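Accompanying notes for the structure given below.
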Amino acid sequence: MEKSLFRFIWKFSARQQVYILLITVLSYPVSYVLLELPKLIVNDAVQGDGFPREIGGFEFDQVSYLFLLCMTFLGLVVLSNGLKLYINVYKGRLGERMLRRLRFELFQRVLRFRLPHFRKVSSGEIIPMITSEVEDVGGFIGEAFALPAYQGGMLIVQLGFIFMQDPLLGLAAISSYPIQGYVIPKLQKKVILLSRQRVKNVRLIADKVGESISGVPEIHANDASAWHSADISDRLYQNFKIRYEIFNRKYFIKFLNNFMNQLTPFFFYLIGGYLVIEGNLSIGALLAVIAAYKDLAGPWKELLAYYQLVADVDVKYQTVVENFDPADIYPVERLISDEKVELQGDLVLSNVTFSGGAAGQEVYDISMTVPEGTDCIVVGPDGSGRSEVLQLAAGLVSPSSGRVDIGGQNLENLTASTLGREIAYVGGAVHIWSGTIRENLFYGLRHRPLVTVERKGESLHDYKRRLLEAKETRNPTYDISAVWDDFEAAGVANVEELDTRALDLLKSVGLEPDVYRLGLQSRLDPALNDRFAERILAVRAALGERIKGDPRLEGLVELWDKNKFNSSASIAENLFFAVPNDASFTLDQVPELPEVRAFLSETGLDERLQEAGLKVAETMLELFANVSEDSGLLNTYSFLTREELPEFDRILRISKSAAQKSTLTQADKDRLISLALKVVPARHRLGIMTDEVQERIIAARHNFHDKVVAESDLFLPIDPDVYLPPLSVEDNLLFGRPRVDRRDARQRIDAVIRAMVEENHLREPIVYAGFEYHVGVSGSRLSAGQRRRLALVRALLKNAKVTILDDIGTGMSDEDVALRATLREIVKGRTLLFGAPSHGPSSEFSMKITLDQGRIVQSGDQGA
Amino acid sequence: MSLETEVEVLRKVPLFRGIDATKLRLLAFISDRIAFKTGERLCSQGEEGDSAFIILAGSASVLVNTPDGERPVAQVKENAIVGEIAILCDVPRTASIVATTDMDVLTVSKDDFLKLLKEFPEMSLEVMRTLALRLERTTRDLAAARTGPAA
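Listed in order, the protein sequences are those of chains A and B.
Each residue of the first sequence is one higher than the last, beginning at 1 in the UniProt record's numbering.
Each residue of the second sequence is one higher than the last, beginning at 1 in the UniProt record's numbering.
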């Protein structure tokens with residue numbers, strides 16, 4: 001990578017830089033004329049004489065001459081500002097493109113680092129380098145060459161003018177330059193050093209913050225927050241000190257510069273005055289020189305600011321780039337090549353030595369041959385070199401001496417396109433990507449975009465532009481929205497078959513029940529698969545029939561009935577009998593919708609609900625006013641939090657006094673209504689749901705459906721024939737509520753639902769719905785075991801020639817033994833390397849290699 | 001079917017007799033009201049008890065395991081409290097309770113009851129007084145039983 005910022009800029013934008021310079025130089029005469037013209041207008045057109053004037057064969061009297069000059073002035077104003085706008089946009093675009101190119105280059109280099117390199121760098125440091133640290137570089141690139149050339153040119157012209165007036169005065173004008181030229185870089189050098197320190201310190205802070213976030217349970221578990229606070233506080237102080245130093249120096253440079261600039265006129269007055277008195281210089285010339293010197297200050301200041309900016313940006317660039325240039329970085333070819341070599345044949349390690357940089361991470365002189373199609377177990381405790389041997393065999397790390405071949409191909413010379421497709425590797429620490437289970441399952445098949453998206457009109461235009469920009473900035477032109485799943489590699493023909501294959505594998509590794517449960521709880525968009533929604537509705541109907549037909553079940557569930565009050569559901573559900581279409585919108589927020597508010601006030605229900613809300617609030621205050629905070633009763637049972645109690649106390653007091661009642665605000669009323677809506681009559685037994693109120697609610701429910709639900713798409717009605725996407729699959733299956741006044745109603749009815757799902761062959765589609773489950777950041781919503789199994793399925797889906805598993809299912813429990821048997825069955829006929837920390841499972845494999853302290857201590861065919 | 005009726009019943013329970021109405025309302029509110037159909041079990045002998053049952057409506061029979069199977073030893077009906085020992089100390093259920101009609105029961109969980117006691121110490125005093133009275137009576141009965149045959 002280019003070590004210097006200027007080399008980087010020149011190498012990739014020389015043409016554009018020259019263009020910018022050209023436009024800048026072109027704009028100079030325009031602005032010069034623009035400055036001169038007003039003088040001409042005043043002196044010549046307004047106060048001048050000798051009219052009419054002849055210009056270009058036309059005669060102008062004084063007024064039309066004035067008009068001509070003014071129009072020229074106007075034209076030049078437009079031209080000059082237009083040029084400025086154009087060149088600024090051009091510079092900005094160039095800067096952004098170069099920035100994109102730089103950032104991408106940095107990211108690509110991260111991908112090219114060898115694995116051991118990641119022991120030395122942390123993401124907390126790398127992220128700010130690629131994101132914020134290079135940001136300033138982008139703003140600078142457009143100015144890099146044009147500014148010094150332009151301002152330098154101006155300076156030379158002005159200086160030339162002074163020298164032409166009098167060489168002595170010229171010397172006086174530049175007399176301070178040598179001093180400034182000597183002192184300022186010296187001071188600046190110190191600033192650069194400080195800037196470097198500052199950047200490194202900020203990186204450390206970022207790293208520490210990142211580490212604190214990922215290790216936060218440890219901090220709390222060990223009460224180490226004081227230590228971390230002190231640590232960060234100390235670094236922040238370092239940062240302050242460095243920045244303070246930088247300020248001091250920067251402003252001192254400024255001070256020095258201003259001082260020198262104002263010192264020079266002192267020489268002018270002294271030397272120039274002397275010359276005028278002696279008669280060697282005219283007073284007019286002296287005044288002109290002083291005026292010219294004033295004009296010098298502008299460019300000089302700009303140049304100095306530029307010099308400081310360069311120093312700052314260059315140091316940032318260098319401190320970033322030096323981290324991305326390790327000597328052993330992989331060639332870019334390894335990453336971008338799309339050439340795949342078939343790895344057919346024996347896996348051979350010949351005299352391989354490797355060191356990971358720490359004790360227990362090295363292997364010495366390993367020679368072994370695993371014939372093609374053999375299942376081989378590699379046994380060795382942690383630190384025996386087992387993981388290293390497996391990573392060497394997967395081509396993830398390179399031997400420091402010796403070679404690893406598969407089918408006569410040296411892995412070191414192969415590209416990622418072969419290694420990542422022909423070898424499947426699952427290590428001890430798997431990574432699950434944030435995204436859905438589906439995305440994680442098919443991750444191993446996404447090597448290149450395969451089927452491009454059909455685009456038309458606007459989107460095609462947009463896509464072409466995107467491609468153009470990508471080419472301009474040497475970014476890859478892969479289309480992220482294309483189909484990337486490599487069906488052929490997985491041995492299937494289309495998405496459906498791929499799903500089926502994934503499902504089979506999930507079953508084999510025992511992850512299918514988990515995904516099924518996730519599927520039941522997930523929300524399904526029927527727009528994607530309306531047949532599935534239909535089937536769920538069919539099961540819903542059948543389930544309803546079964547519940548009605550079985551007295552034991554009937555007592556457990558209160559089914560939805562549009563003409564009946566459901567005591568096990570909240571008043572909100574009873575009243576609206578609908579679900580907000582937007583799943584992120586809770587029923588509490590519903591009364592704030594203008595449609596709902598209008599409906600409530602029209603029907604007069606708002607008053608009724610407010611009264612009910614008041615009664616609830618009153619009871620809550622009475623019951624919980626004396627309960628202390630730490631008893632937990634308040635949080636478990638009350639509708640109100642401790643913070644809300646005083647607020648409702650106030651509302652209650654206002655409402656009780658007839659005089660103040662009118663001062664209740666709309667927000668207070670909304671609170672009361674939402675409080676009332678939360679009540680589940682069968683659970684809370686507050687006595688606010690008399691038969692009369694229930695009847696009113698049912699009447700209002702019909703009204704609400706006609707007026708609001710049917711009119712807008714804010715709500716979906718609770719209807720036996722309507723699938724409700726905002727609810728989970730499970731909630732859609734049961735058209736009703738488990739009764740809250742029956743013991744274990746939820747668990748008992750769940751068992752019935754699950755049985756019905758099996759009977760109706762709905763399990764499979766629900767598992768597919770589970771594919772869409774979002775696994776959280778790095779799979780945090782899955783257990784460690786689930787993550788490992790998911791990674792295993794991901795690897796198996798690739799159908800790789802060589803499968804390498806490290807520390808997966810190595811126990812002797814029935815489950816693990818069965819898993820290993822299934823695994824061997826799945827990869828039968830292909831090479832399998834299975835890493836295990838102990839000899840337990842070794843008898844199941846046909847070949848065994850035992851490692852200890854980085855050396856093979858036993859190796860052989862077991863003939864099993 | 002509101003808190004008020006439940007409070008009325010709670011008031012009749014000797015264990016809660018001296019406790020003021022607001023506390024009883026709170027106790028009622030945090031308890032679960034559960035319906036049992038004829039033949040359903042409220043609890044089984046030997047299992048860990050974690051709640052007391054206050055019968056609001058219906059009746060149940062108390063069964064004890066014997067070598068010949070379960071045998072009814074008593075009937076309980078409205079306003080009765082059963083299993084109250086379980087909310088004061090950790091003992092296994094000493095009998096099973098089976099609903100003989102459809103029942104409406106208020107279940108007071110041990111955790112919540114103990115939380116209430118911790119919250120309102122005067123309530124503990126009342127409970128203690130009731131228990132002491134009961135103990136005194138039991139002692140007297142025992143003494144009477146001992147001296148009875150001799151007299």
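We put the CB at the ideal spot given by N, CA and C, even for glycine.
Since the model is a prediction, treat every value here as computed from it, not as a measurement.
- Query: If you check the beta carbons only, do Ala60 (chain B) and Met123 (chain B) fall under 8 angstroms apart?
  - Reply: Residue numbering aside, residue 60 (chain B) sits at position 60 when the second sequence is read from its first letter. Residue numbering aside, residue 123 (chain B) sits at position 123 when the second sequence is read from its first letter. Cβ distance not < 8 angstroms, so Ala60 (chain B) and Met123 (chain B) don't count as in contact.
- Task: Determine the DSSP secondary structure at Leu63 (chain B), reduced to helix, strand or coil.
- Result: Here residue 63 (chain B) is taken as the residue at index 63 of the second sequence, counted from 1. Three-state result, Leu63 (chain B): strand.
- Message: As a quick exercise: from A:Thr72, A:Gly785 and A:Leu498, pick the residue whose alpha carbon is nearest that of Ile432 (chain A).
- Response: As a first step, residue 432 (chain A) must be located in the first sequence, where it is residue number 432. The candidate whose alpha carbon is nearest that of Ile432 (chain A) is A:Gly785.
- Between the segment 152-160 of chain A and the segment 99-117 of chain A, do at least 3 Cβ pairs fall closer than 8 angstroms? no
- Does any CB atom of chain A fall closer than 8 angstroms to the CB of Leu114 (chain B)? As a first step, residue 114 (chain B) must be located in the second sequence, where it is residue number 114. With 8 angstroms as the cut-off, Leu114 (chain B) does not count as an interface residue toward chain A.
- Return the bridge partner residues of Pro580 (chain A) from the DSSP annotation. Working through the first sequence from its first residue, we reach residue 580 (chain A) at position 580. According to DSSP, which records beta bridges pairwise, Pro580 (chain A) is partnered with A:Phe715.
- Query: For residue 866 (chain A), which three-state DSSP category applies?
  - Reply: The structure shown has nothing for residue 866 (chain A), since chain A only spans 1 to 864.
- Item | Contact list for the segment 8-36 of chain B against chain A, Cβ threshold 7 angstroms | Per Cβ criterion, the list reads Thr22, Arg25, Leu26, Phe29, Ile30, Arg33, Ile34 and Ala35.
- Message: Just verifying my parser: in three-state terms, what is the DSSP assignment at Phe268 (chain A)?
- Response: By 1-based counting over the first sequence, the position of residue 268 (chain A) is 268. Note: Phe268 (chain A) maps to helix in three-state DSSP.
- Among all the DSSP beta bridges, which residues are the ones paired with Arg33 (chain B)? To locate residue 33 (chain B), count along the second sequence from 1; it is residue 33. In DSSP, Arg33 (chain B) forms a bridge with B:Leu106.
- Just to confirm, are Ala612 (chain A) and Ile697 (chain A) a CB contact at a threshold of 8 angstroms? As a position in the first sequence, residue 612 (chain A) is number 612, starting the count at 1. As a position in the first sequence, residue 697 (chain A) is number 697, starting the count at 1. The answer is no: Cβ separation not under 8 angstroms.
- Give the straight-line distance between the Cα atoms of Leu511 (chain A) and Gly49 (chain B), rounded to the nearest whole angstrom. Numbered from its first residue, the first sequence carries residue 511 (chain A) at position 511. Numbered from its first residue, the second sequence carries residue 49 (chain B) at position 49. Looking at the two C-alpha atoms, the distance is approximately 37 angstroms.
- Task: Could you tell me the boundaries of the alpha helix (DSSP H) in which Val451 (chain A) lies?
- Result: Taking the first sequence and counting its residues from 1, the one referred to as residue 451 (chain A) is at position 451. Looking at the DSSP string, Val451 (chain A) is not in any alpha helix (DSSP H); the run it does join, the beta strand (DSSP E), is Arg446 to Val451.
- Item | Trp227 (chain A) classed as buried or exposed, judged by whether at least 16 other C-beta atoms fall within 10 angstroms | Working through the first sequence from its first residue, we reach residue 227 (chain A) at position 227. By the 10 Å Cβ count, Trp227 (chain A) comes out exposed.
- Query: Are the beta-carbon atoms of Phe53 (chain B) and Tyr637 (chain A) separated by less than 8 angstroms?
  - Reply: Numbered from its first residue, the second sequence carries residue 53 (chain B) at position 53. Numbered from its first residue, the first sequence carries residue 637 (chain A) at position 637. No Cβ-Cβ contact shorter than 8 angstroms links Phe53 (chain B) with Tyr637 (chain A).
- Message: Tell me the rounded alpha-carbon separation between Ser859 (chain A) and Tyr364 (chain A).
- Response: Position 859 of the first sequence holds residue 859 (chain A). Position 364 of the first sequence holds residue 364 (chain A). Cα-Cα distance, rounded: 15 angstroms.
- Query: Would you report the Cα separation of Val430 (chain A) and Gln747 (chain A), rounded to the nearest angstrom?
  - Reply: By one-based count along the first sequence, residue 430 (chain A) stands at place 430. By one-based count along the first sequence, residue 747 (chain A) stands at place 747. Taking the straight line joining both Cα atoms gives about 34 angstroms.
- Leu125 (chain B) versus chain A: which residues are under 9 angstroms apart at the beta carbon? Translated into the one-based positions of the second sequence, residue 125 (chain B) becomes position 125. Here the premise fails: no neighbours, minimum Cβ distance about 16 angstroms.
- Can you tell me whether DSSP reads Asp485 (chain A) as helix, strand or coil? The residue you call residue 485 (chain A) lines up with position 485 of the first sequence. Here Asp485 (chain A) sits in strand by DSSP.
- Item | For Arg446 (chain A) and Glu125 (chain A), the rounded distance between their alpha carbons | The residue you call residue 125 (chain A) lines up with position 125 of the first sequence. The residue you call residue 446 (chain A) lines up with position 446 of the first sequence. Glu125 (chain A) and Arg446 (chain A): Cα-Cα distance of roughly 28 angstroms.
- Query: Three-state secondary structure (DSSP) at Met128 (chain B)?
  - Reply: Residue 128 (chain B) sits at position 128 when you count from the first residue of the second sequence. Helix, per DSSP.
- Query: Are the C-beta of Leu645 (chain A) and some C-beta of chain B separated by less than 8 angstroms?
  - Reply: As a working mapping, residue 645 (chain A) is identified with position 645 in the first sequence. Chain B contact via Cβ: absent.
- Can Ala99 (chain B) and Leu42 (chain B) be called in contact, C-beta distance under 8 angstroms? Here residue 99 (chain B) corresponds to residue number 99 of the second sequence, with the count starting at 1. Here residue 42 (chain B) corresponds to residue number 42 of the second sequence, with the count starting at 1. Cβ distance < 8 angstroms, so Ala99 (chain B) and Leu42 (chain B) count as in contact.
- For chain B, find out if any of its Cβ atoms is closer than 8 angstroms to the Cβ of Ser628 (chain A); answer yes or no. On the first sequence, position 628 is the one that residue 628 (chain A) refers to. By this cut-off, Ser628 (chain A) is an interface position.
- Interface residues of chain A around Ser2 (chain B) at Cβ under 8 angstroms? Here residue 2 (chain B) corresponds to residue number 2 of the second sequence, with the count starting at 1. The contacting residues are Arg685, Leu686 and Gly687.
- Message: Please classify Pro399 (chain A) as buried or exposed, where buried requires at least 16 other C-beta atoms within 10 Å of its C-beta.
- Response: On the first sequence, position 399 is the one that residue 399 (chain A) refers to. Pro399 (chain A) comes out buried.
- Item | Interface flag, Asp550 (chain A) vs chain B, CB-CB below 8 angstroms | As a working mapping, residue 550 (chain A) is identified with position 550 in the first sequence. It does not; no Cβ of chain B falls within 8 angstroms.
- contact_flag[the segment 186-201 of chain A, the segment 248-264 of chain A] where n(CB pairs < 8 angstroms) is 3 or more: yes
- Message: Strictly below 8 angstroms CB to CB, what residues from chain B border Arg754 (chain A)?
- Response: The count along the first sequence starts at 1 and reaches residue 754 (chain A) at position 754. Those within 8 angstroms of Arg754 (chain A) in chain B number zero; the least Cβ separation is about 22 angstroms.
- From what residue to what residue does the alpha helix (DSSP H) around Ile162 (chain A) run? What you label residue 162 (chain A) is simply residue 162 of the first sequence in a count that begins at 1. Note, Ile162 (chain A): alpha helix (DSSP H), Ala146 to Gln165.
- Query: In or out: residue 870 (chain A) buried (at least 16 other Cβ within 10 Å) or exposed?
  - Reply: The requested residue 870 (chain A) is not part of the displayed model; chain A covers only 1 to 864.
- Query: At which residue ranges does the segment 294-340 of chain A contain complete alpha helix (DSSP H) runs of 4 or more residues, listed in the order of the chain?
  - Reply: With a minimum length of 4 residues, the continuous alpha helix (DSSP H) runs that stay inside the segment 294-340 of chain A are 332-336.
- Query: Is DSSP giving Ser726 (chain A) helix, strand or coil here?
  - Reply: Within the first sequence, residue 726 (chain A) is the residue found at index 726, counting from 1. One detail in the question is off: residue 726 (chain A) reads as Pro in this sequence, not Ser. Of the three classes helix, strand and coil, the one that applies to Pro726 (chain A) here is coil, per DSSP.
- Message: Between Glu119 (chain B) and chain A, is any beta-carbon pair separated by less than 8 angstroms?
- Response: Within the second sequence, numbered from 1, the residue matching residue 119 (chain B) stands at position 119. With respect to chain A, the C-beta atom of Glu119 (chain B) has a partner C-beta closer than 8 angstroms.
- Would you kindly work out how many angstroms separate the C-alpha atoms of Leu724 (chain A) and Leu537 (chain A), rounded to a whole number? Start at 1 with the first residue of the first sequence, and residue 724 (chain A) comes out as number 724. Start at 1 with the first residue of the first sequence, and residue 537 (chain A) comes out as number 537. Straight-line Cα distance between these residues: approximately 10 angstroms.
- Item | Gly770 (chain A) vs Val515 (chain A) beta-carbon contact at 8 angstroms | As a first step, residue 770 (chain A) must be located in the first sequence, where it is residue number 770. As a first step, residue 515 (chain A) must be located in the first sequence, where it is residue number 515. Yes, these two residues count as a Cβ contact at 8 angstroms.
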